[in-house]
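Residue numbers (our numbering), protein chains in the order written: chain H, 1 to 479; chain P, 1001 to 1479.
Below, the structure written as structure tokens:
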């Protein structure tokens, strides 16, 4: 970015506030005008959320925040603005008044985006002196996180102004989907409305509750749609025979008496050809096998991400895992088998192998298994105590790839008072040693976040284990 | 699990094969019957995908695979089965024939699930001797990954048999959504059909291509729906005023001329009350602020997971990141600032702080920044060379939490020939040192995966940097 740019935000509700946050956190100056006396409080609440979440998406620091100015008049807000975003309530007369007012005060070069979810740009442009300055820029909640923005010009917008709009929206991390033809409700909201209508029927007829409908979405096709949309997903369902085969196989089902709303376009040869050709253009560079692999890897990564949050589908995975997590009882004087698992695809990096940090994670998880064994697991943490790692050394001896079966053997090399020292080795399926690790942990109070003595039961269990391991040697005696 | 259970899979296409994989990989014995001569090959292809992906979801190893048996007759397949899954083509006469055949050969205690996406259980049960054994168990592709399965009994299924079905499906990691009332196409497919119909209209009318529709889904509401469904998302949109407010605000929009299909249920006071009460039951234990935080954290984790895969929304994030990744030129004789970023929420663990393995990741990323600086970045990797870490030591000095700004300073302590040694320190926003790290890397050929000399340009850049850093001391001289 060269000179700092300025956005004017007209209307500071959830949508306007989200726009504001996205511009501001990407380094734009932002001026707001909203006659609501609560606007500053409401925007502040959106900003708290956005400041927490948006910067987390990136591995680099975002540019310094721009300046935020609350204005008393629309004229003040739009002065010198590069982008003006109108997010007023969904009433055409109100939008017309605001857009006309913008026309009187804004720089001629400013682009005016409307957040309207329903109106077409030509409707918004009616009666304006400079209709070509206004287009639809329809975002999705939360605006500071979701990249989609539907950009809808009319015939009165120049190609150059659409290009400038796209460039500015990209510069704040959005995905401008330029919609070539005007249509009520654009594209995404038409799909959303279709689902919403069907969902209302299901609730009204007592077929399902709101919670059941949400579960039917988030444990099924919602996961698919976060990474591929509708057509690419169905292309896979059609198999090697492709999209035409899918349409031939499933097309007729559309005519069945499945829903309340039955007006379906005829699947003429022409429509089938159109869809097949568009699908080829979209996904034809990958075979169905490659698409399947891509889909599966994306689903695994997504589902594991939610597992890490202990949310949505992750809760199910965790519950299932508990039913399969079984480990043989430890044998006195034998190393503990602390980990037996598969390397997941989200642990690999650009070198095509397990990232070095994940060796550290495996050993950290191995330490958790030791802690569970000595009674310092989940319940102990809930009671306010834990062990924190203070030092780790890892020697990387051989690579690992996604899908590999790995095991960790762990020896307690020190276990007395506040100190716990572990020696790990990470083994492949064939017994190859892929890494060794030495890890020193200290017992802490989670209240003071400082070292303290463990409970009597934990101390005794730890000492018993350490004593039984005293005949074993650390895995990396060279350290 | 106690005694090993047996599933019979009738029909081994994409859906039947997916069922088979899920049972088998969860330790069930599986017998398949499919008259298609290509069935074994097709199932083999699904199994390759499933064996790769499903075990990656868990931090523990799945139970040992059951035995897989291809059978020449249906009778042989269903003998002694605990669960029988019918995934024949969607023709009622065909399904009736198969279900009657199952009735003649299966144990009386077996549960028979049908993968039908359209038929109601009472339709399937017509004319059967033991109708109560059969219910709908409708899964979603890929069956081995997506947990949703719609379980639909009729009035002829006993409560006990539904309970047993639910227990068995849960034991293989699925989420059985029991649908109390029979309905054509159950629940999820009605929502999918509604979207599909609308999407076909959009393509037919030339409003959008298949690729644009997919983008409108996966960069917008698809991300939302992977973690919350429709109603919980809209509950947030309604703000503190709740679901009733949302319905009052957006309800009228449903009557607008937005789509081809306009039959909408009246939002009577009764329907509004029903939806509001169900939404309270589902999400009322959280305030809107809490729901927003949950949504944002889930979205961040999901989007970052796809970023790690360089897929879908992750591609957009990566492209945007490149436009903001700017670092001042390194000053000779000064430590390099290799990292400046925010701790994302997916890096925290059950102790509420950044997991120890992520300190390793930060230092690994810091090393990448050094590599990019000496010309050993992405292009160099693409050309077949890289540096692999062989040894790391980390001292953890202070905790870090999600949202914290962190920086890393790096000193090149050794840089000659194949060897690169780095000393890092991780700093908080106030200059506190949170960790120090020592990291030894070796230059490798990505073809042989063995050590080799770097290219002349990389070697020279490395030696220049190392020389300029020779006046600096490692951050942890005590090592």
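C-beta atoms are modelled at their ideal positions from N, C-alpha and C, and glycine is treated no differently. Just so we're clear, the structure is a prediction, and the values are computed from it rather than from any experiment.
Residue 1107 of chain P is positioned such that its CB atom lies no closer than 9 Å to that of residue 1072 of chain P.
Your pair residue 1087 of chain P and residue 1115 of chain P checks out as a contact, with CB atoms roughly 4 Å apart and the cut at 8 Å. With a threshold of 9 Å between beta carbons, residue 125 of chain H makes no contact with chain P.
Assignment of residue 364 of chain H by DSSP, reduced to helix, strand and coil, places it in the helix class. Per DSSP, the unbroken beta strand (DSSP E) holding residue 414 of chain H starts and ends at 405-416. A straight line joining the alpha-carbon of residue 338 of chain H with that of residue 369 of chain H spans about 6 Å. Taking residue 336 of chain H as the centre and dropping the five residues before and after it, the same chain places the C-beta of 330, 410 closer than 6 Å to its C-beta, in chain order.
Following the DSSP letters along the chain, one finds residue 143 of chain H in no beta strand (DSSP E), marked with neither H nor E. Per DSSP, reduced to three states, the secondary structure at residue 113 of chain H is strand. Contact annotation: residue 1288 of chain P and residue 1224 of chain P have beta-carbon atoms that are not nearer than 9 Å. Rounded to the nearest angstrom, the gap between the Cα atoms of residue 1350 of chain P and residue 1130 of chain P is 50 Å. Here residue 1225 of chain P carries a helix assignment [DSSP, helix/strand/coil]. Among the residues of chain P, none has a CB under 8 Å from the CB of residue 157 of chain H; the nearest is roughly 17 Å distant.
With a 10 Å radius around the Cβ and a threshold of 16 neighbouring Cβ atoms, residue 1454 of chain P comes out buried. Cβ contact annotation for residue 14 of chain H (same chain, cutoff 7 Å, sequence separation greater than five): 46, 141, in chain order.
Chain-order list of chain H residues neighbouring residue 1187 of chain P: 202, 207, 208, 212, 213, 216, by C-beta distance under 8 Å. Counted as a single uninterrupted DSSP element, the beta strand (DSSP E) harbouring residue 337 of chain H occupies residues 336-342. Per the C-alpha coordinates, the member of H:90, H:158, H:316, H:167 positioned closest to residue 5 of chain H is H:167. Only residues of its own chain outside the window of five on either side were considered, and among them 1353 have a CB closer than 6 Å to the CB of residue 1399 of chain P, listed in chain order. The beta-bridge partner set that DSSP reports for residue 460 of chain H is empty. Counting C-beta pairs closer than 8 Å gives three or more between the region 401-420 of chain H and the region 451-468 of chain H, which meets the contact rule. The C-beta of residue 1138 of chain P has 16 or more other C-beta atoms within 10 Å across all chains shown, which makes the residue buried.
Per DSSP, reduced to three states, the secondary structure at residue 1350 of chain P is coil, with no helix or strand assignment. The contact set of residue 1385 of chain P on chain H, defined by CB atoms closer than 9 Å, is empty, because the minimum CB distance reaches about 11 Å.
For residue 1193 of chain P, the closest Cβ of chain H is nearer than 9 Å. Only 1140, 1141, 1142, 1145, 1146, 1147, 1148, 1150 from the region 1139-1166 of chain P bring a Cβ to less than 8 Å from some Cβ of chain H.
Take residue 299 of chain H, set aside five residues on each side of it, and the residues of its chain with a beta-carbon closer than 8 Å to its own are 223, 224, 227, in chain order. Contact of residue 181 of chain H with chain P by beta-carbon distance below 9 Å involves 1205, 1206, 1207, 1208.
Distances from the CA of residue 32 of chain H to each of H:377, H:405, H:51, H:77 were compared; the closest alpha carbon is that of H:77. Distances from the alpha-carbon of residue 1318 of chain P to those of H:175, H:84, H:161 put H:175 closest. Between residue 1158 of chain P and residue 1132 of chain P, the C-beta spacing is below 9 Å. Comparing alpha carbon positions, the residue from P:1044, P:1055, P:1203 closest to residue 1027 of chain P is P:1055. Put simply, the CB of residue 1023 of chain P is far from chain H, with every gap to its CB atoms at 9 Å or more. Going by DSSP, residue 1315 of chain P is part of the alpha helix (DSSP H) stretching over 1313-1324. Under the DSSP definition of a beta bridge, residue 1083 of chain P partners with P:1007, P:1111. An exposed status is given to residue 430 of chain H, since fewer than 16 other beta-carbon atoms sit within 10 Å of its beta-carbon.
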